Amino acid sequence: MNHFEIFELPRRLGIDAAELQRRFYALSRRYHPDFHAGASPAEQARALEASARVNAAYRTLGDPITRIEYLVRLEEGRETKEGAAIRPSAPPALLEEMFEIQEALADAQTGGALDDVARKTLAAQRERLQARCLDEEARLTERLAPAWDAARPEERPRLLAAFKEGLATRAYLKTVLEDLGQALGEGEGI
Amino acid sequence: MARIIGIDLGTTNSLVAYVDDKTGLPRVIPDSEGRPLLPSVVAFTPDGILVGEAAKRQLVRRPESTVYSVKRFMGRGYEDVKDELRYLPFAVVPADGIVRLRVGEREVTPPEVSAVILKTLKERAETYFAEPIEQAVITVPAYFNDSQRQATRDAGRIAGLDVVRIVNEPTAASLAYGLHRLQEGVIAVYDLGGGTFDISILRVKDGIFEVLATSGNTRLGGDDFDRVLLLWLMEDIQARHHRQLACREVDLARDGEAMQELRLAAEAAKIRLSGEERTMLTIPFEDFTYRREISRSELERLLEPLVQKTLGPCRAALSDAGLSPGQIDTVVLVGGSTRVPLVRRRVQELFGKTPHSQLNPDEVVALGAAVQAHILAGGITSMLLLDVTPLSLGIETLGGVVSVLIPRNTTIPTSAREMFTTSVDGQAVIDMHVVQGERELAKDCRSLARFELGGVDPMPAGMPRIEVTFLIDASGILQVTAKELRTGKAASIEVKPTYGLGEADVERMVEESYQYAEADVEARMLIEVRNEADTVMTHVRRALKQAGDLASAEERQRIAAALQALEQARETTDRDRIHEKTVELNRATEHLAQAMMDAALRSALGTRRATEIMESQ
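In order, the protein sequence lines correspond to chains A and B.
Its first residue numbered 0, the first sequence is counted upward by one per residue in numbering that gives the first Met the number 0.
Its first residue numbered 0, the second sequence is counted upward by one per residue in numbering that gives the first Met the number 0.
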């Protein structure tokens, strides 16, 4: 059973969040180990597994981006995560800018402490990339996803390729953003 | 189903609770003297083991063999705790793997110490219900990792309890609140206890308590508040009394008894300053008395950096839940340390609303554990808790990099599958290193265990296909299974926990606890009567000194004889005789006590002497 089937939903990217949550709660009430604590060990094990599947399905479908990633895997006939479907790749339009950022990052990493100018430059670049990343996500979820749901079968390969490209760009931006965050000394102390 | 009890195994205090069948409400089970809290203190004396209040009284008398705050050591290694050691009066054995404490002649592990506490609570419940209790739900900090959860479950087993579920403290608290008119919406539970801090953000809807994100710090709590005040206190004492200390060649930091006394004084002052603006610290030393007033704002200056440390995880949890502070409908405070006004102010500032604390912050976690126990027993079907795993789970891959299999804040139970193969022709065993944490390199994460997949058929490298399933159950504990895909047969797995007890260790400890159970009870009762005798003798001696002139010569003689008889009896192991002589001494002083009371009353508004006499009663 794939994640859409678990929730008895059609294989579409447009999912009503409230409806998904309602179904998730109903399935949780049916399968959660709490309600099978008095059952036989075999039944308990089944409930545990079913509950883990429901949770995984909800996590994947609950987020519009992971939902698209999952759909791509499903369409390509790969249900496991094996051999990651999406490899981060830099969007050609951004290559030059990326090169600059990587250079600044490398300098920062060898130089130890950042001086104020470098810090400001990196912070500004991060802001731009964050906006770029949000744009990419919006394009995926607000334009491509509805297009997929409305598409005729022959249009789908093109959309699938567009999804993969968009996801790869987003993954790339995320990695750079993480590096930038680290260089700026964030994400620590937790 | 059999009865399941709910236990809050706290850093400072532990409690046991159950849900009353008639009212459907959770209740804490008090001890025989009506006290709900059991101090989480265990004393290993030459005569046997003491727990709770009785052990707490040994803290100053036998600091080196009285263990407190053992929760901070659960599931940890020597390397983790060595920085804390200089503040501890008991010794930790430097060794690999699990922490071992040296208490007097013995070496014990944290789960064994916790087991003593759990066993006491189990017996308390058994006495209360007059039936054997075998199952329990035990709470842990939400931010506890797998090793710490396993250690807690091991402690239960050693105590003779089947731990049917480990529940996170903040979520347990939300269940207790849920039973009391909690409004639907998004709630943040801020839980600052004796040794740990948790923040959990939940959505409550249609009886489902869905945790959206959790974060925390398992080494931050009231103990740390006490410690900064203790360090300040030591400095101040040194500064004011360095001459007296120097000529007696006293090094406070190396004097276990003095440190414990100061720690307890610091704790008491901290507690008083939650209600008062200023308080007097009075600590008697042999040849001088330290007196100093401290104000709440002075204390707050010391605590501020620690309270600030709780705000980072709060922001992280909000960010992981994808929420801003304004989107939190209700903030709930849990844990004794949330009584500190500074903590309340900072929480209020962060979330922009007044936090709730209607339920007793010391009891609410135990009450929630009882509710979860009742759910598991089938007594409640309207409520369901969906919790998350607090830390990302991954395996070490080439180059020491972590490959994340289950990200943090994933709803549990949850599972992930991963394929493994061999790298050398004919390789029969595959090693896996499982870690937990958010860092990229395995060495920066928490090592949970090394797994050995055995029984791989000899084949060319890369040919075997072994599918390993990592499942985190509803208690947040990892289970690993493996299957050879071509043959479909289960692969054998040997687990080597990094900071845990092996299966054989736990079984041995379970055995030992049965063996020593009888002896322990005997020893405990003997110590209790001896303590009682000591208390009475101290009182009588002081009374004779202070108000001996109120008694006739013949009376004084009778008292002296009874005192001597008790002194002799105390040296024996004859419990009944000690008890009898204690009662006799009490009886012999009845008249004197009455005379002292009368004298005290006569001097009504009283001189200083009269109040001292009253106090000595």
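Note that the Cβ used here is the ideal one computed from N, Cα and C, for glycine as well.
In this text the structure is predicted, and so the values were computed from the model without any measurement.
| Check | Outcome |
| --- | --- |
| Which same chain residues, not among the five before or five after PHE3 (chain A), have their C-beta less than 6 angstroms away from its C-beta? | ARG10 |
| Have a look at HIS373 (chain B) and ALA172 (chain B) and give me their C-alpha separation to the nearest angstrom. | 14 angstroms |
| Determine the closest residue to ILE327 (chain B) out of B:VAL188, B:ILE282 and B:ASP7, with distance taken between C-alpha atoms. | B:VAL188 |
| Does the Cβ of PRO496 (chain B) have 16 or more other Cβ atoms within 10 Å, making it buried, or fewer, making it exposed? | buried |
| Check for me: the alpha helix (DSSP H) holding THR174 (chain A) runs from which residue to which? | 155-182 |
| Determine which residues of the stretch 470-491 of chain B have a Cβ less than 7 angstroms from any Cβ of chain A, and write them out in chain order. | LEU470, ASP472 and ALA473 |
| Quick one: using the 10 Å Cβ neighbour count with 16 as the cut-off for buried, is VAL401 (chain B) buried or exposed? | buried |
| When the Cα atoms are used, what is the spatial distance from ILE270 (chain B) to LEU211 (chain B)? | 33 angstroms |
| Nearest by alpha-carbon distance to LEU87 (chain B): which of B:ARG34, B:ARG226 and B:PRO169 is it? | B:ARG226 |
| Is the CB-CB distance between LEU452 (chain B) and SER414 (chain B) below 8 angstroms? | no |
| Closer than 9 angstroms by beta-carbon distance: list the chain A residues that pair up with VAL163 (chain B), in chain order. | ALA36 |
| If contacts are defined as beta-carbon pairs under 8 angstroms, then LEU562 (chain B) and THR581 (chain B) qualify, I think. What distance do you get, rounded to the angstrom? | The Cβ separation is near 11 angstroms, so there is no contact. |
| Tell me where the alpha helix (DSSP H) around GLN149 (chain B) begins and ends. | 145-157 |
| Report yes or no: is there a C-beta of chain A within less than 8 angstroms of the C-beta of THR410 (chain B)? | yes |
| Starting from PHE224 (chain B), trace the alpha helix (DSSP H) in both directions and tell me its first and last residue. | 221-246 |
| Would you say ASP33 (chain A) reaches chain B, if we count a Cβ-Cβ gap shorter than 8 angstroms as a contact? | yes |
| Do you know whose CA, among B:HIS578, B:MET462, B:GLU583 and B:GLU510, lies nearest MET418 (chain B)'s CA? | B:MET462 |
| Pull up the distance between the alpha-carbon of ILE157 (chain B) and that of TYR127 (chain B), whole angstroms please. | 22 angstroms |
| I need the straight-line Cα distance from GLU136 (chain A) to ALA149 (chain A), nearest angstrom please. | 19 angstroms |
| Within this structure, are the beta carbons of LEU447 (chain B) and LEU477 (chain B) separated by less than 8 angstroms? | yes |
| For the pair the stretch 196-210 of chain B and the stretch 139-150 of chain B, tell me if three or more CB-CB distances fall below 8 angstroms. | yes |
| Alpha carbon to alpha carbon, how far is ARG56 (chain B) from GLU611 (chain B)? Give it in angstroms, no decimals. | Legend: pLDDT at GLU611 (chain B) = 47, less than 50; position of this residue unreliable, value from coordinates given subsequently. One C-alpha to the other measures close to 22 angstroms. |
| Given this structure, state the Cα-to-Cα distance separating GLN545 (chain B) from PRO45 (chain B), to the nearest angstrom. | 34 angstroms |
| Please state whether the Cβ-Cβ distance between VAL41 (chain B) and VAL112 (chain B) is less than 8 angstroms. | yes |
| Below 8 angstroms on the Cβ atoms is my guess for VAL80 (chain B) versus VAL98 (chain B); work out the distance and round it to an integer in Å. | 6 angstroms |
| Is any beta-carbon of chain A found at less than 8 angstroms from that of ILE207 (chain B)? | yes |
| State the DSSP-derived secondary structure class of ALA460 (chain B), mapped to helix, strand or coil. | coil |
| Quick check: what's the CA-CA separation for SER422 (chain B) versus ASN216 (chain B)? | 39 angstroms |
| Against chain A, does SER414 (chain B) count as a neighbour if the rule is that its beta carbon must be under 8 angstroms from one of theirs? | yes |
| Out of B:GLY399, B:TYR498, B:ALA542 and B:VAL370, state which residue places its alpha-carbon closest to the alpha-carbon of HIS179 (chain B). | B:VAL370 |
| Can you tell which of B:LEU591, B:GLY96, B:ARG101 and B:ARG438 has its C-alpha closest to the C-alpha of GLY399 (chain B)? | B:ARG438 |
| Within the 8 angstroms Cβ cut-off, does GLU81 (chain A) reach chain B? | Legend: pLDDT at GLU81 (chain A) = 45, less than 50; position of this residue unreliable, value from coordinates given subsequently. Output row for GLU81 (chain A): interface = yes. |
| How about SER39 (chain A): is its C-beta nearer than 8 angstroms to some C-beta of chain B? | no |
| Under 9 angstroms, CB to CB, which of the residues in the stretch 2-36 of chain A have a partner in chain B? | GLN20, ARG21, PHE23, TYR24, SER27, ARG28, HIS31, PRO32, ASP33, PHE34 and ALA36 |
| Is any heavy atom of the ligand FAD found at a distance shorter than 7 angstroms from the C-beta of ALA51 (chain A)? | You won't find the ligand FAD in this model; it holds no ligand whatsoever. |
| Going by C-alpha distance, which of B:ALA135, B:ALA114, B:TYR67 and B:VAL69 is nearest ILE4 (chain B)? | B:ALA135 |
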